[in-house]
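Here the sequence shown stands for residues 327 to 1521, where the numbers follow the numbering used here. By construction, the Cβ of each residue, glycine as well, lies at the ideal position given by its N, Cα and C atoms. The block underneath contains the structure these notes are about, expressed in structure tokens.
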Amino acid sequence: LLTEDKELSLTILETLSNLNVDADMVSEIRSTVMGTLKSAELSQLPMIVRFVLSSVSSQEALQVVSQLRANLDFRTILPAALSSTQKTFRKSDCNGCSQLGFSECSMENDYELLTMTEIKNAVQLQLFLGDAWAKAVERVKVAADHKVRDQFSKLINKSRETNRTMRDGTTTWCGSFVRMSHVDESYAFRLHEGDIVVTSYSSTVLHLAQVLLWSPEPQVLKFGAHLYQHMFVCFEGSTRQEAVVNLVTHVGSGVQAQMNAALDCLVDLAHRHTVLMAPFGAFFKGMLDFLRNLSLCQIRTLFLVIALIAYQGGQQGAMFQDELHMMIRKMLTRFCPKSKRIGVVGALMTVKAMAASNLDQSASVSSATTPPETVKEAIELLELVRSSTSSSPRALALFYDELSRIVIRGGLDSRIETWIGDTIITDFQDDYVVDVTRGEKEPREPFQQELLFSLDDLPDGAIALNLCPLLLKEKNEVKGKRKHISLLTLSPLFRLLRVAEQMLNGETLEGIDALLGCPVRMPASSVCDSFHSLSAEHRQVVVASAFHCVNWFRELVNGFCGLRSEDPRAKVIDRIRRIVELQKGLEKWLQGVPGYIPPLSVFDIEDEDTKPPSVSQPPAKRGRKGKKRKVMSDDDDSDDEAGPSKKATSPAEAEDDADSSGEDLDSEVGKGSATSASWRPFLRELDLDVFEVLGVGLECGETEVRIFRSLPAPSSKLTTSELLFLLDDLWRKLDRALPSSAPKRFSAFKAKGSRDIGFSNLSLYPESDVAKFAVGIVPHLCSLLEDASAYFQHVISQNDGMVDAAGMFTVGAKEIASCMTLLLSCFNSLFSWNGFETAVGRDLLREAFRSISGRIGTTQLTQVHVFELGKRTFSYFAKFAESVTEPDGATSLLRLLCTVADRAELRASDVRDVRGVADGFLRRDWLCRPTPNAAPQRPRGSQFNESLQFMLSTFLSESECVLSSLHEIATDCLPNVLEDGTSEEAAGEQPKSFPTLDKSTLNAYYKTMFSNLTEAVRDLSMKVPSDQEVCEKLKHLEKWSLAITVFQKLVSVVKKSSVRNNLSVCLKFGRQFLESFLRNGMPLLDSLFKSQHGDVQGLLKNLQQSTRYLQHICSHSKVVKDVGLTGQVPAVRKTLELFVFRVKAMLTNNRCQDAFWVGNLKNRDLKGAEILSQTTAADSADEAQSDDARSGHES
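Have a look at this one:
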């Protein structure tokens, strides 16, 4: 009747729910009902869900909930007609009609609500159902398999929790859910498609969004902002107001990441739903009283929100226009520098809002549709800013930069652009450009000056940049003058001039193309050669002129990189070459002017961000660094950026620090180089279009560094130094603009400005545009990668296959190796982008894979699946393993291979090469040479150890059996390293296993092996079989026995190598191992104790030997009074005590109490000697273990 008569099915299920039926029969009926769930009518779902959840036990909860979650889908259950009606209802409901009724149009929604109510009631009655649902969601690995109902289940679980509990639990669960499922705005929209259910939990959803915005992870913050947006749009009244109030509260929280996420959410709402935001304009206007608590970037966003409401919010918003203008004039007329900058930002955001309102009035952009009074008001506001900032160079430079960003994004009226072009051209010509006359003598006071860097002939009437005389004049300028010319505004003014020229006259830039090759009046070459003999004041002038010249060339490259003809392209490459040369010189010259703060080139930052740039230490200090090497290597928690093995990105640093083994691509590269974060406030940002230059190719020959020379280089290709400069900047931009799926965390109170310095122009573009550009230059990157690989293969072939030949350690070879590492890192940053999970991103991923896979052969299929393209892409990158010559390059390649395999969703059988590549890297005898003539030696230092940790972790994670691989290394390799002395036999056996494992890298291996052991045991413990599968139990017992054997060998390492790092690792991961064993290993021993008594006893005895030594480590930590070690002792001893009582409970349950006794444990040191100061009278008896559990002959 249940399966044949649908009319009686509900009655039958209700009857069965009230009867005391046998559990096996209930399970059989439940399976039958679950099979009919997809074909059931919508009205039957509430009763079916009630029966299924009311009849489930805690042991079956996970399996039943997983099936229910997979089969319960209201969209597939609804007929086509009803589904379309439902969508219409929901659309109208989002527009304000959110009343719940029992009309025909909303009846289907009521059944959905009733179904979710049944789930809520079941979860409240049986708490294990909520935990089972959470575990079912965690098991889903593919993003497409996640459903909106997963969030509804979380709302149900959290609707009854307190605020503190919700903040702690929800952040962890939802953060993990957002990362695992790659949810985005579309997911939040689909969540609110079911607003009939969300309405019942609107306060909970708001609370959930509030908690998510407290997360330090960017992806979770972004999803919380999406929740706020859709709650604002889909609801009205108090819910909408509460969403706005919560966002305003987040802005005032003081936590930078949270403040930025809330402001971004508000400006997005102001753009999309301005009329709906207008009634809340007073909330945002009130925030203007607390501008001192906001950074300049946050103030910019706040002014944009207010300006959009004032000029696009209709009548309700127009009331804020006068107050906005009053605030701007008030700030501009103040003498405080920061107030002026705030006024500049507010005025330009107002102009931007005016332009946006004009665009919204018509479908086409035309000056005829723009009201003349609006254009006049905008121009008057720009004139006011220009005149008010004429005596404040920093504020004026900020005005030029902000205005150029508005022009780049488009939307300004053509008459405003014409005013900008005419005004800027006049200012630039009058202030910075001078005519060049043949035979004119160059100034000699206070030192010799000359025209440098000319790329064109200098006929009569030629122009030059009057840089050095203006700099000297500015230094001697009398303060308090109404207006004076400052070089701070040179680069911003030219940028605005260039973008205005592009908007008015096209991309050819014919009106300003003479500036690309014009010379610059600079200190003479002889002055720079005798830099250290100059006075302190003249040194600062030379350094300042070099900074201004570098920034001038950077803006020239930004402006003319889009020209495709041969002559401008060659000039652009020459300017890049000059940038690299000047930056090398600055790295050396800054050592002669300690504490000097260069002229700013980024103006939307705070005063505290303008600190002196860090410089490399002189070679004389290298000896002191070497003395610290051992101390740093012994400190496991040390993540210093400037360690002795750190390699600089630039060639100059490569020469200064030849002991380095590679560049740290995960931290700040080259702390003293021009690529470090401390230099960014003083260097202009490169645009994305600049990287189109990578298509010209690579010239591998070494070139001479020519600082302050005028002759252009003969080659039109990029040398390794220029390629290194461009790739480093590209990698940083991709890593910044394309958030990865891996979790990243913002520091709670770290200013966002320090993180965004140097990326202001990049932030104008959405992630999808940056990804599209990166995919477009993939062929260029592949060509460069192949050229670098071909270079090393050529060198190896010339030296009969020797990878440690002299040619592999030249300066040029090191630069090419660093370029190869950066290329692999750029690819990894691209493919790690979490936007590839969306539909648009999937097309970009397919295009990128197709572009790469086409380089190893064409395919006959017109529509190739991402899986096949990804497989070919994986093979393409795997072949570069033989060309990698540095450990950091090996790490970058492994990361890239893992990322590509994850993006293409390759099977385990398809990615076996990852383990093979990692194995090859571990078995390679890495060598480096401090100088080309020195003998090869193994790299050392923290950076090399970090690379080894990643290689070993990848090797173990990709193994078929992690425990077997760990056992092999612990048995065959570790004993050779731990042997006392260095016998020839041991030295001869070592290269046969892992040459990278020696005493200097022992801690790296030890930490990685222990970490992977705990992960393997944790995965093993999640797969404990049921009581009916005895054979599977025995297999798990063997795995636990193998794991404990490995654990014992790792603990025994501390006996022979008792350095602090090893002790810390042993305490930390030893406790985690024991916790996993107690939680999931002991239930397995309970079930096998009677049948496998001997095996269980042997396993516990082996584990007891390790726990005894853990107790010795705890005693040693207290004796030496090491704070770091002592802090872990209480948790370790608590776990050891739990182990004692858990074993006692098992023996008691099996009536073997007499086989267990507890005695006082003597406190011993690491060598086993008794600690006399802690001896007690009770210790005179035989030594007994507090964790000793023996089942002797009497059992």
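Its Cα nearest to that of L1410, the residue E1364 stands out among F725, E833, E1364, T1452.
By DSSP's assignment, Q775 forms a beta bridge with P849. Counting C-beta pairs with one atom in each stretch, the region 1396 to 1410 and the region 1450 to 1464 have three or more that are closer than 8 Å, which means they touch.
Counting the other Cβ atoms within 10 Å of the Cβ of E354 gives fewer than 16, which makes it exposed.
By the Cβ criterion, the region 368 to 376 is in contact with the region 442 to 453, since at least three pairs of Cβ atoms, one from each stretch, lie closer than 8 Å.
Cβ-Cβ distances below 6 Å link L784 to V762 in the same chain, with the five nearest sequence neighbours on each side left out; the list follows chain order.
Counting along the chain, the unbroken alpha helix (DSSP H) around I734 starts and ends at 719 to 735. The C-beta separation of L1274 from R1264 comes to about 11 Å, leaving the pair out of contact by the 8 Å criterion.
Annotation for A788: the continuous beta strand (DSSP E) segment containing it runs 788 to 791. Rounded to whole angstroms, the separation of the alpha carbons of A679 and Y637 is 6 Å. The beta carbon of E1173 sits closer than 6 Å to those of V1101, all from its chain and outside the five residues before and after it, given in chain order. Nearest to A723 by C-alpha distance, out of Q774, E776, R821, is R821. Look at E1286 here: in three-state DSSP terms it is coil, with no helix or strand label. Given a length threshold of 4 residues, each whole run of the alpha helix (DSSP H) inside the region 1080 to 1118 is given here in chain order: 1093 to 1102.
Around the beta carbon of T834, fewer than 16 other beta carbons lie within 10 angstroms, which makes this residue exposed. Taking the CA atoms as reference points, E709 sits about 11 Å from I742. Per the DSSP secondary-structure output, C1254 pairs in a beta bridge with Q1263. Within the same chain, and ignoring the five residues on either side of S1042 in sequence, the residues whose Cβ sits closer than 8 Å to its Cβ are E892, R895, A896, I899, V1022. Looking at the DSSP output, T1280 shares a beta bridge with no other residue. If you check the CB distance, S1413 and K1361 do not come in under 8 Å. Within its own chain, the residues whose Cβ lies closer than 7 Å to the Cβ of C591, once the five positions on either side in sequence are excluded, are A551, Y554, Q555, L573, listed in chain order.
Here C1287 is exposed: its Cβ has fewer than 16 other Cβ atoms, across all protein chains shown, within 10 Å.
Between L1289 and A1244, the C-beta spacing is not below 8 Å. According to the DSSP secondary-structure assignment, E1496 is paired through a beta bridge with R1490.
Looking at E934, S871, T1211, G885, the one whose alpha-carbon comes closest to that of L908 is S871. Around the beta-carbon of S1443, 16 or more other beta-carbon atoms lie within 10 Å, marking it buried. In the structure shown, the three-state DSSP call for T936 is coil.
In the DSSP assignment, V593 falls within the unbroken alpha helix (DSSP H) covering 582 to 598.
In this structure, L1111 keeps its C-beta atom at 8 Å or more from the C-beta atom of M1134.
Ranking Q755, D1054, D648, V883 by CA distance to the CA of N792 puts Q755 first. Short of 6 Å from the beta carbon of M1128, and not among the five residues preceding or following it, lies no beta carbon of its own chain. Pairwise C-beta distances place the region 769 to 779 in contact with the region 832 to 851, as three or more of them are shorter than 8 Å.
Cβ neighbours of A1369 within its own chain (closer than 6 Å, five residues either side excluded): L1289, V1343.
Excluding residues up to 5 positions away in sequence, V919 lie with their Cβ nearer than 8 Å to the Cβ of A862 in the same chain. Using a Cβ distance threshold of 8 Å, P925 and L814 count as a contacting pair. In the displayed model, L1024 falls within a strand according to three-state DSSP.
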